[in-house]
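Novice:
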Amino acid sequence: MSPWWHLLIALVVLALVQSFLVKVYQVPSGSMEQTLQVGDRGLVNRLAYLGGGPARGDVVVFVADEAWAGDAAAEPFTPITAIKWVGGLFGVGPGTEHSLVKRVIGLPGDVVSCCDVEGRVLVNGEPLDESYVFENQPFEAGVLDCATTPASSRCFGDVAVPDDAYFVLGDHRADSADSVIACRGSTAALAGADCARFVQRAQLVGRAFFVVLPLGRMGPIA
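Start counting the sequence shown at 1; every next residue gets the next number (the UniProt record's numbering).
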């Protein structure tokens, strides 16, 4: 068999693996620092949620819909977008699909809010231990909290997570366009206004579980 056939078969197998088993994902922003750095390439398990949904604390990759991506038009087909599509297919480039990575905080049926007197996120009234958070919004009880004027930008009122949807936040909390980017510090949001956005189950690509590049950062994603 010609070496070219071997190469073609290898590329087809790689494309199938990327499409159905494990996807290579390139981190596009700093919203998940220090867990993930800009440019990190991580492995995403596409089969992780076949038997159920994410667990609280999972780092997930999802396809951004209009609620997350805005109303920007799709890129027209050009040689550049064709190259990006091929790169995404084989895991050597960003691809053309607009995907984001965040951490799951709220599950279907949960009520998420912030903050308690220590500035912690609450899920169903219980504070979360979030050792992974990097550079949170400023919060000081009695000085800049959820009862002061102005309120801390860390604060948001009760958010009920719908069925088949997930509430997500970035680990770099002060620099993350996440589920409550439109809610933080808003008087209306603190009063329970509908300002949150969610990740639908159908948008999930899978669970990010391992950084492969750069080599100095290789290791599991926790």
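Beta carbons: idealized from backbone N, C-alpha and C, even for Gly.
In this text the structure is predicted, and so the values were computed from the model without any measurement.
1) Got a sec? Which residues, its chain only, sit under 8 Å from residue 38 by beta carbon, not counting five neighbours each side?
2) Checking 8 Å against the spacing of the C-beta atoms, do residue 59 and residue 206 come in under that value?
3) Report the rounded CA-to-CA distance for residue 128 versus residue 170, giving the unit in angstroms.
4) In angstroms, rounded to a whole number, what distance separates the CA positions of residue 81 and residue 105?
5) Judging by CA-CA distance, which residue of 148, 173, 134 is the nearest neighbour of residue 140?
6) Where do the ends of the beta strand (DSSP E) carrying residue 165 lie?
7) Just to confirm the assignment, what range does the alpha helix (DSSP H) spanning residue 69 have?
8) Across the region 200–214 and the region 49–65, are there enough close Cβ pairs to call them in contact, namely three or more that are closer than 8 Å?
9) In whole angstroms, give me the CA-to-CA distance for residue 113 and residue 40.
10) Measuring alpha carbon to alpha carbon, tell me which residue in 63, 32, 119 is nearest residue 222.
11) Can you round the beta-carbon distance between residue 99 and residue 63 to whole angstroms, since I take them to be within the 8 Å contact cut?
12) Take residue 24 as the anchor and find which of 34, 69, 68, 101 has the nearest alpha-carbon.
13) Whole angstroms are fine: how far does the CA of residue 142 sit from the CA of residue 200?
Specialist: With the given structure in hand:
1) 27, 28, 29, 30
2) Not a contact, by the Cβ cut-off of 8 Å.
3) 14 Å
4) Any reading at residue 81 must be qualified, since the residue scores a pLDDT of 45, below 50, and its modelled position is unreliable; the value itself is stated next. Approximately 34 Å, taken between the alpha carbons.
5) 148
6) 165–169
7) 66–69
8) yes
9) 30 Å
10) 32
11) 6 Å
12) It is 101.
13) 37 Å
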